[in-house]
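Asks:
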Amino acid sequence: MDKTPIIHAYRHLYRELLRAVQFAPPHRYTVRDQLRASFRDKSAVWDPEVSKRTLWFIQAARREAGIEHKVLKNLVRVAYERQHMDTWKVSYRKDSESRGKDV
């Protein structure tokens, strides 16, 4: 299988995502990590039509601050928060340690 169209799709999506988030430092790394993870997933199947529609959506989000922009902004924000969220076990330990120091 020729990997050239997949590489081109990755580059087009990445370029448009960077433009859509206006190269903002926390969000540019979030979209990069999300895109890398999706393209590195071994079980994923690449569909050119889905890639094309996704690119159209991202371009629409980049062009004007409409519904597409708000949806993309929320998706990026949720992905950022999930990347920087502690697991429940870490949160519990931090809470337990802070209670022990106060007593």
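Each residue of the sequence shown is one higher than the last, beginning at 2 in the numbering used here.
Beta carbons: idealized from backbone N, C-alpha and C, even for Gly.
Every value quoted in this text rests on a predicted model; they were computed, and no experiment measured them.
If you draw a straight line from the C-alpha of L14 to the C-alpha of F40, how long is it?
Replies: So the two alpha carbons sit approximately 11 Å from each other.
Asks: Would you kindly work out how many angstroms separate the C-alpha atoms of R12 and S92, rounded to a whole number?
Replies: Rounded to whole angstroms, R12 to S92 spans 37 Å at the Cα level.
Asks: Less than 7 Å between C-beta atoms, sequence neighbours within five positions excluded: which residues of the same chain meet that for R16?
Replies: Cβ within range, chain order: n/a, list empty.
Asks: Can you find the residues in the same chain that come closer than 6 Å, C-beta to C-beta, to T31, ignoring five residues on each side of it along the sequence?
Replies: Result list for T31: V77, A80 and Y81, in chain order.
Asks: For E65, which of helix, strand or coil comes out of DSSP?
Replies: E65 falls in the coil class under three-state DSSP.
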